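Input: a single structure, listed below in structure tokens.
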């Protein structure tokens, strides 16, 4: 047997049991501390430490996703990305020679050598691993750089954005930055869809930077955006606007072509414009999208609100007589005048002549609450929701903020601020039988395989009854037939619309400017089943500034090219056979000089509507008196006499257009073909003079 | 006595489980390093497996061997003397990793005498304190000799240098003295001396100060002095709740130094997450509970103290190692018992557990009779600490037996 202790019995207290317990207790406390620490590290600091772990354990190489296409409605490419070469230097490469590299690179790219060299030498000194030498180099230069075979220089593929049509639809498309990031337009708005998801290759590496494993996340190419834009219509609209810019020397111009039934924008034009291929150096001013950012006082185009409301609310009928009070109305002490003293007109005539008095009287019948309601229903004072950044709401004040006499301004399109797109949408509402379809630019989003992943379903709501809209359309047609916008008459198509001329508010004086105007025309064609709504806004045209003179012809130019292109069947006679334009010109016997005179006198018809107010803060139509502007116009008109053209055999519409172009007031009697005229063909007439034409049906 | 001798099953299971788990973790932690160094990923795990199997066999043998025989004066003296000789012998061998820790044996195996010293010291102290039963308070008769022998061991091991093991020797010694009933004053003084020693070491070897500052803010110099700790914390933290999965750890890819030895717990934390790490700590807790239970039930004071020395030595070392990994204490190289790579450590740990298992085999519900007995004898003394009152007095369980 082994020795067994018999612990010599000295009667001493033995603390062993308790002391063992203390030792165990300490160890258990230690374990608990460890447990707490584990929770702290593995739960509390997990994210942070995992992040550090990844940073040291993994290295990833990014691979760019190819940006999606931007297509027009017919699938034509408006923007596409291609992989091009960019060059990087690796200054840590032993064979890298900063001087040599800088010299040769500068030679090929036409750069300054010394700053590049300084940059490279600095990078070498600070042991940078990676320096951009040149990004997105074009193919020819890239080939030459490859031929140099420089040590420590390598090419990386980077996608570069191309806009094959140059400046076409620049404000719609926008542009991208060097990193293929959308910075404006659809490129910006749809950046997430277009951009796709960058791929990456992740290398797991050990502490000696040796990769032992890798996995790749493939780049997801971007989705493609199909726009509502039709590149042909866009082109035609841009051409027409460019021409108008040249002729009117306006500061800027905007045009929109809208399909009223769908709300699809077929063309959105701003002039001047830019080429998105090199957009980074473009000034802010050029990049601004006037169609949705430019707030202007619409003037007479806005009268459609008062007319719509009055007819919808059964406060007026087109045939009702309305007293234009000989061109003057007093509203709480404010006198608002028409240029022409009209007596009693039908409501339709009042609209055609753009009588301020009539519009205000209708507005007063509607009342400010309802007026405000209609303005909002038409979409004024709120963003249309177009897929572009930077859209403004415009300015529509609540009725409680109106001055007592504000109806005298609001009804005729003052004291309100609208954007061209809002106005286009309002006219589209009338064109679409009273249903407003939110204007939009994106038709659908397609994945990389061309499958639609998202189709736009625009918001729609009814603003007016179909009946009211159908009542309004012929009334608006009368504007082009016998009203202020005869220059908007189309060859082969009926057209309706409204002119607008508004004084701009001078930001310096906060008063209406006497020299700066916004001329606009908004309209649609054909009347019965409108295919397009077109708005043209010219900002600060030099010389003539009346919507009917400068904007209406642009409407006509666009409509006459777009309607046949869209296959819209003509609904009225063609005025002129082939080559008719020349014939017409001859017939009018109009030189460029008397053309000017003609357009100048054409204002005559519009004065009533374009009467601007002098005070922005307390707008009212003031006595124009012998204002400088008008004086000049009359001077021009009286200097140059015209010869009365022969209008016999022509339709009312054609006769009206010829007269409008010459600045003659047409007094039409009967209908059918012209059978008699006064004065006779070849007689001297003055711009602004009223000529009388008899029409009759020969059959 | 018809009682069937039965070792503590929990203790046995915990030990075998920990040892096998250690082999698996050594494989996970060392495979890449082994491949990089030796071209085969089994270099370390192979050796560890051999040592573990040998260690488990040795443990089974030892547990059949009556621990009472260790009480023999010649055995104790021989063990202490042999250990001292071996501890001196290490200085004849070249340094490995800057320390004389190993005695090289033919066949490529290396012996680490400092591991043996832990068991030898525990046996010596248990035996010595048993002999001094009732005189634990004595300074010169009891306390001083214990401190002297401990000090000798500690100095030799510290000289290797292997401060971690030296510290564990000190801890074992203090715990046994404390448990045996040494005067707290002496222990306090000893602790004060130890503290002065540590301060002295820091002053003497300023690089140790770096370890302390690195402990306080490892991130301040993450690439330098804080490197190990930072890598360890990254490993544990990135494991999260459920871990990256067995063998999925990344930090062992040469980021984490000593991933298969001193920092293997970081690999556990990374790969098995909070759940795995807590489970491992809990198993050490189980080991502590059953080990202390076995010690308390030991039939004599020698068994009680030896068992306590073994179990506390192992568990304290484990907790210290884990605390280093979690940066709860300054870095000190010390293996995690059962788990870390290292043959001597594994072998000696398992042999120690073999002794512990034998003690558990012989345990009785009453435990160390001397202890128990004297609890009641002490009743009349004013200084007697409060004793467990819930227990029925046991008077006739211990039967002195003479030498055979």
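Chains as they are written, first to last, in this note's numbering: chain A, 1 to 699; chain B, 700 to 1103.
Glycine residues also receive a C-beta, built at the ideal position from the N, C-alpha and C atoms.
None of the values given here were measured: they were computed from a predicted structure.
Taken through DSSP and simplified to helix, strand or coil, residue 802 of chain B comes out as strand. Looking at the backbone, the Cα of residue 707 of chain B and that of residue 1009 of chain B are separated by about 15 Å.
Bridge pairing for residue 1061 of chain B: absent [DSSP]. Uninterrupted beta strand (DSSP E) stretches at least 3 residues long and entirely within the stretch 426-473 of chain A occur at 435-437, 442-446, 452-455, 460-462, given in chain order. When secondary structure is reduced to three states using DSSP, residue 762 of chain B falls in the helix class. Under the three-state reduction of DSSP output, residue 40 of chain A falls in the helix class.
Identification of residues in the stretch 876-892 of chain B having a C-beta nearer than 9 Å to some C-beta of chain A yields 877, 878, 879, 880, given in sequence order. The C-alpha of residue 537 of chain A is placed about 6 Å away from the C-alpha of residue 253 of chain A. Under the three-state reduction of DSSP output, residue 114 of chain A falls in the helix class. Taking C-beta atoms under 8 Å as the contact rule, residue 693 of chain A and residue 655 of chain A qualify, at a distance of about 5 Å. Taken in chain order, the unbroken stretches of beta strand (DSSP E) that lie wholly in the stretch 114-164 of chain A and span 3 residues or more are 131-137, 153-162. Beyond the five residues adjoining it in sequence on each side, residue 545 of chain A comes within less than 7 Å, by CB distance, of 501, 517, 519 in the same chain, given in chain order. Proximity to residue 93 of chain A across A:74, A:111, A:150 peaks at A:150, based on C-alpha coordinates. With a minimum length of 4 residues, the unbroken runs of alpha helix (DSSP H) contained wholly in the stretch 767-816 of chain B fall at 772-788.
A direct Cα-Cα distance of roughly 18 Å separates residue 652 of chain A from residue 497 of chain A.
Distance from the Cα of residue 72 of chain A is smallest, within the candidate group A:539, A:442, A:477, for A:442. Residue 1025 of chain B sits away from residue 966 of chain B, with the two beta carbons spaced by 8 Å or more.
The three-state reading of DSSP puts residue 534 of chain A in strand, counting E and B together. Residue pairing for residue 668 of chain A: DSSP places it in a beta bridge opposite A:693.
Partner residues in the beta bridge of residue 512 of chain A, as assigned by DSSP, are A:505. Considering only B:816, B:817, B:820, B:795, the residue with the shortest C-alpha distance to residue 809 of chain B is B:795. For residue 270 of chain A, there is no enclosing alpha helix (DSSP H); the residue is found in the beta strand (DSSP E) stretching over 264-271. Excluding its 5 nearest sequence neighbours in each direction, residue 659 of chain A has C-beta neighbours in its own chain below 6 Å: 666, listed in chain order. By the Cβ rule, the stretch 305-315 of chain A does not count as touching the stretch 263-278 of chain A, because fewer than three pairs are nearer than 8 Å.
If the five residues before and after residue 473 of chain A are omitted, its C-beta is found closer than 6 Å to the C-beta atoms of 496, 527, all from its own chain and listed in chain order. Contact between residue 23 of chain A and residue 874 of chain B holds: CB atoms are separated by about 6 Å, below the 8 Å threshold.
If you ignore the 5 residues before and after residue 835 of chain B, its C-beta comes within less than 6 Å of the C-beta of 841, 879, 880, 881, all in its own chain and listed in chain order. Residue pairing by DSSP puts residue 496 of chain A in a beta bridge opposite A:524. In the three-state DSSP reduction, residue 949 of chain B falls in the coil class, being neither helix nor strand. Nearest in C-alpha terms to residue 246 of chain A, of all of A:271, A:522, A:226, is A:271. Here the stretch 936-954 of chain B makes no contact with the stretch 195-202 of chain A; the two share fewer than three CB pairs at distances below 8 Å. According to DSSP, residue pairing for residue 334 of chain A in a beta bridge involves A:331. Under the 8 Å criterion on CB atoms, residue 1009 of chain B is classed as non-interfacial with respect to chain A.
Interface criterion not met: the Cβ of residue 915 of chain B is under 8 Å from no Cβ in chain A.
Taking C-beta atoms under 8 Å as the contact rule, residue 347 of chain A and residue 320 of chain A qualify, at a distance of about 5 Å. For the stretch 432-462 of chain A, the beta-carbon criterion of a distance under 7 Å to any beta-carbon of chain B is satisfied by none of its residues.
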